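So the sequence shown is numbered by full-length UniProt numbering: it starts at 1 and just counts up by one. Single-structure report; data block below.
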Amino acid sequence: MSDSLTSTKPSLWLPTSYQDLNNLPAEAIVYEPKLGGSKVVRTARDVVVKYRGDLAEEVLCLKYAQEKLSIRVPLVLYHPGDPHRSTLWDPRTEQVPQVWYICMEEIPGVQLKEVIETFDLQQLEHVALQIKAILADMRSVRATHLGSVSGGPFRNSYFFPHAVSPQRSWTSVSEFINHYHHLLMIFGTEEYADEALANFPRDSPIRFTHGDLVPRNILVDGSTITGIVDWSMAGFYPEFWEYCRMHEESEQSTGWAKVLDIVFPGPRRDNEIASLHRLMGTLLYNL
């Protein structure tokens with residue numbers, strides 16, 4: 001297994017196994033999801049390690065966002081393996097993926113979800129204006145395909161289950177939607193697939209997308225955003241994807257709803273939001 005060419009600091013501690021990371025004391029845990037997924041632990045001052053799963057695509061997305069955007073994202077300090085050569089990892093096997101961890105800088109701040117309900121209207125407006133600027137920055141990145149930032153197909157197992165992952169990138173939103181139509185036809189009727197996808201506009205512009213831009217991935221100091229984390233779902237998607245994901249019902253709160261109303265003025269696109277939520281639920285349950 002080849003190592004990353006990312007330069008390392010002389011004092012950087014690097015794990016040799018999952019056990020090394022699991023043996024760290026409880027106070028080292030920065031983030032641990034309740035239902036599986038990647039875990040983040042602090043290994044030194046201003047240094048964290050994210051592990052569990054195949055993190056190759058996130059390495060590429062982090063570096064791409066670092067290069068293209070003005071918003072602060074975690075700087076990758078080191079990772080094993082070659083993220084361009086890494087293949088889809090099946091969590092049902094015991095095979096360790098090439099990029100099995102990412103050592104990166106820790107961005108200061110707390111998760112917005114921890115403090116947003118304490119914010120007054122002025123603070124919520126401040127957050128909203130910054131998010132609008134972040135989205136504008138991301139939309140300024142030109143894209144001619146839907147897929148990975150590498151130019152290839154999506155390698156996101158949450159939006160595209162391993163068993164039916166796309167084999168190439170696409171040049172139109174219609175191809176993107178047709179892929180999901182094919183997936184739904186595996187266990188449903190054509191009428192069901194047509195109805196499930198009818199609310200997604202096929203003329204939607206293609207945007208550089210975070211894919212999970214919600215309060216737990218937005219770090220703040222007071223009401224000032226200090227950085228955006230967890231770029232594992234990023235890539236080039238139709239415009240409606242980011243909008244719907246930001247309105248994901250499991251991430252909603254009173255404060256976040258007010259922020260979204262400012263970021264996206266005008267009537268709420270409930271049909272698109274409900275359709276994406278239903279689509280993801282259907283695929284996760286059946287595939």
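Where is the CB? At the ideal position from N, CA and C, for every residue including glycine. If you're wondering where the values come from, they're calculated on a predicted model, not measured in any experiment.
Item to check | Contact under 8 Å by Cβ, V149 with A234 | outcome: yes
Checklist entry - Smallest Cα separation from S223: which of R168, Q130, L75? => result Q130
Checklist entry - Should residue 288 go down as buried or exposed, given a rule of 16 or more other Cβ atoms within 10 Å for buried? => result The displayed coordinates of the chain run from 1 to 287. Any statement about residue 288 would go beyond what the structure contains.
Item to check | Opening and closing residue of the alpha helix (DSSP H) in which D194 lies | outcome: 190-197
Next on the checklist: Given this structure, state the Cα-to-Cα distance separating L284 from T254, to the nearest angstrom.
Outcome noted: 27 Å
Checklist entry - Do you know offhand how far M1's Cα is from G81's? => result No answer about M1 holds up, because its pLDDT of 37 lies below 50 and its placement is not dependable.
Next on the checklist: Along the chain, where does the alpha helix (DSSP H) containing I131 start, and where does it finish?
Outcome noted: 121-139
Next on the checklist: My output table needs one value for residue 304: the three-state DSSP class, helix, strand or coil.
Outcome noted: Absent from the model: residue 304. The displayed extent of the chain is 1 to 287, so no value can be given.
Checklist entry - Looking at C-beta atoms only, is the number of pairs between the stretch 260-270 and the stretch 230-250 that lie closer than 8 Å three or more? => result yes
Item to check | Three-state class that DSSP yields for L283 in the structure shown | outcome: helix
Checklist entry - Near S38, which residues of its chain fall below 6 Å by C-beta distance, leaving aside the five closest residues on each side in sequence? => result K50, R52, G53
Next on the checklist: Using only CA atoms, which one of E190, A44, M280, L146 lies nearest to Y237?
Outcome noted: L146
Item to check | Identity of the residue in F264, F200, S17, L276 nearest P97 by Cα | outcome: S17
Checklist entry - Where does K34 sit, in a helix, a strand or coil, going by DSSP? => result coil
Checklist entry - Candidates L260, L219, A198, S275: which alpha carbon is nearest P108's? => result L219
Next on the checklist: Excluding the 5 residues flanking P15 on each side, which residues of the same chain have their C-beta closer than 7 Å to its C-beta?
Outcome noted: L21, V49, Y101
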